[in-house]
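What follows is a single structure, written as structure tokens, with notes after it.
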Amino acid sequence: MKGKQFLFLLSILFFSCSGIDPAKRIADSLANIPEIKIPTAPVSPNTFSIHPQWISASPYFKSLIQNFRIDSCGEFLLISFSHVKQDSFPLPSSETFLSAVKDTLYQTQFFIQLFAGESEIQVPAFLYSYNQSNPDQDDSFENGGNQKKLDSLFVLKSLYENMRDAGFVQFKIPYYAFCNLKKGLQKIKMVFYQDTFRSVAYNDHDVERRKSNQRLIEASAVFNLNIPPIYHSEIVFDSLLFKQDVSNSDIGINSNKDLPDIYWKLYCPEDYYQVESLVFFNTMQPHPHKKVSLGCYHLSLNDSIDIEILDYDYLSGDDDLGNLYLPLFEIPSDREKAFGSSSIQQFLLRRETVLVN
185 MKGKQFLFLL SILFFSCSGI DPAKRIADSL ANIPEIKIPT APVSPNTFSI HPQWISASPY
245 FKSLIQNFRI DSCGEFLLIS FSHVKQDSFP LPSSETFLSA VKDTLYQTQF FIQLFAGESE
305 IQVPAFLYSY NQSNPDQDDS FENGGNQKKL DSLFVLKSLY ENMRDAGFVQ FKIPYYAFCN
365 LKKGLQKIKM VFYQDTFRSV AYNDHDVERR KSNQRLIEAS AVFNLNIPPI YHSEIVFDSL
425 LFKQDVSNSD IGINSNKDLP DIYWKLYCPE DYYQVESLVF FNTMQPHPHK KVSLGCYHLS
485 LNDSIDIEIL DYDYLSGDDD LGNLYLPLFE IPSDREKAFG SSSIQQFLLR RETVLVN
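Count along the sequence shown starting at 1, add 184, and that's the number in the working numbering.
Encoded structure:
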């Protein structure tokens, strides 16, 4: 399976081959013809720093949190910071199963919630982010984690950090996470906090005993963010054929089925999971009765997608049956087109694209 990687921009620049302002071109196309003319040039890869205006900060935020940065890098918004070791930081303690022994609660999570002015921002349910400072661990949105779904609010949540040592946290947010905000300059409010300390629990019954709800580190700030035009493409799938026999692809421990249980995942950009289809059980024709459509958000038709086709296994890892990698502009909007790969003979695709903000 893929390692999922998953944050801010003062301005996003689109470039077209013709040199025409893309925003004007989009507006003109919407006014004159039914099909939206979507910019096919990628977002500028240049990095821009955004300097927030801090409204409030607790004493421990000032002493423990360093190098707080908001940067825009191409299609992504980055939020990162370091926390330092401070011997005087008052880590709470809790009782253990031995009443005379106290347990120091040295781990805590950091949260960042974003608001549009004072209004909460709603986020698509598929998004999550990734801590690139450590590829084996991920920082994520609320209710997040690797391939876990988001809460409906724009809340970033780190893993539990060890406050006995220095550490680094980074969130990486694709700009299409702001699809529920209007394009153009937006005033964003950011609330930073932690509210729980814990230590390692030996079992589930020990969790609550080794936890304390205390908020010692908090701050808030505002900054301006230029939201780019964001699009949603519905990919219509039909007629999946394989080059080789995959009926015995189920090599894990499973039932005595003869045919694979096929489903596929859609990533856009290539490494960012967005959505997956239902599982079509025990069949070589995963959608014999109706076409299947899956949607993805993006900034440009040059954004590449990855369609990962899998055989679902209940008791072991899913088997990889093939992948299709292609830019969105190669999928036509007026007809179905056949795509293939080393293992896929044919997968008919069509695209329906709309501007969402």
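Even glycine gets a Cβ: it sits at the ideal position worked out from N, Cα and C.
C-alpha gap between residue i and residue j, whole angstroms
i: tyrosine 451; j: tyrosine 509; result: 10 Å
i: glutamate 219; j: aspartate 487; result: Any answer about glutamate 219 is weak, because its pLDDT of 43 lies below 50 and its placement is not dependable; what the coordinates show is given next. Distance between the alpha carbons of glutamate 219 and aspartate 487: 19 Å.
i: glutamine 291; j: proline 236; result: 27 Å
i: threonine 231; j: glutamate 259; result: 10 Å
i: glutamine 378; j: glutamine 270; result: 16 Å
i: glutamine 300; j: serine 417; result: It is worth fixing the name first, because residue 300 is alanine in this sequence and not glutamine. If I take the Cα positions, the gap works out to 25 Å.
i: aspartate 349; j: serine 233; result: 27 Å
i: proline 206; j: aspartate 503; result: Unreliable placement is indicated for proline 206, whose pLDDT of 46 sits below 50; the coordinate value is still reported in the next sentence. Going by the C-alpha atoms only, they are around 42 Å apart.
i: threonine 537; j: tyrosine 415; result: 7 Å
i: tyrosine 549; j: histidine 267; result: Nothing about residue 549 can be read from this structure; the chain reaches only from 185 to 541.
i: asparagine 541; j: lysine 356; result: 21 Å
Beta-carbon separation (whole angstroms), residue i vs residue j, contact threshold 8 Å
i: isoleucine 239; j: serine 404; result: 5 Å
i: serine 477; j: isoleucine 419; result: 6 Å
i: leucine 533; j: lysine 521; result: 6 Å
i: lysine 371; j: asparagine 410; result: At roughly 11 Å, the Cβ-Cβ gap does not stay under 8 Å, so lysine 371 and asparagine 410 are not in contact.
Extent of the continuous beta strand (DSSP E) run through residue i
i: lysine 521; result: 521-523
i: lysine 475; result: First-last for lysine 475: undefined, no H or E at that position.
i: tyrosine 457; result: 457-460
i: histidine 416; result: 415-426
i: serine 488; result: 488-495
i: isoleucine 296; result: 295-300
i: aspartate 504; result: 503-511
i: glutamine 370; result: 368-377
i: proline 358; result: 351-358
i: serine 266; result: 260-267
i: glutamine 530; result: 528-539
i: isoleucine 446; result: 446-451
i: valine 339; result: 339-341
i: asparagine 408; result: 402-411
i: phenylalanine 362; result: Note, phenylalanine 362: premise wrong, no beta strand (DSSP E); not H, not E.
i: serine 484; result: Per DSSP, serine 484 belongs to no beta strand (DSSP E) and is neither H nor E.
Buried/exposed call for residue i, threshold 16 Cβ in 10 Å
i: asparagine 466; result: exposed
i: proline 453; result: buried
i: arginine 519; result: exposed
i: serine 272; result: exposed
i: aspartate 442; result: exposed
i: lysine 341; result: buried
i: glutamine 530; result: exposed
i: leucine 499; result: exposed
i: glutamate 492; result: buried
i: leucine 298; result: buried
i: proline 358; result: buried
Among the options, the one whose alpha carbon lies nearest that of residue i
i: glutamate 304; options: Lys366, Phe295, Asp349 and Lys373; result: Lys373
i: valine 353; options: Cys480, Glu345 and Tyr359; result: Glu345
i: phenylalanine 127; options: Ile401, Gln370, Val406 and Tyr415; result: Only positions 185 to 541 of the chain appear in the structure, and residue 127 is not among them; the question remains open.
i: proline 274; options: Ser396, Cys480 and Tyr496; result: Ser396
i: leucine 539; options: Glu302, Pro516, Tyr481 and Leu337; result: Tyr481
i: glycine 506; options: Ser247, Ser264, Ser256 and Leu425; result: Leu425
i: glutamine 398; options: Phe523, Leu261, Ser278 and Ile263; result: Ser278
i: arginine 535; options: Phe464, Gln458 and Asp422; result: Asp422
i: leucine 365; options: Val307, Val339 and Val406; result: Val307
i: lysine 427; options: Gly524, Val406 and Ser517; result: Gly524
i: proline 412; options: Ser484, Ser526 and Asp255; result: Ser484
Limits of the unbroken alpha helix (DSSP H) element including residue i
i: leucine 248; result: 243-248
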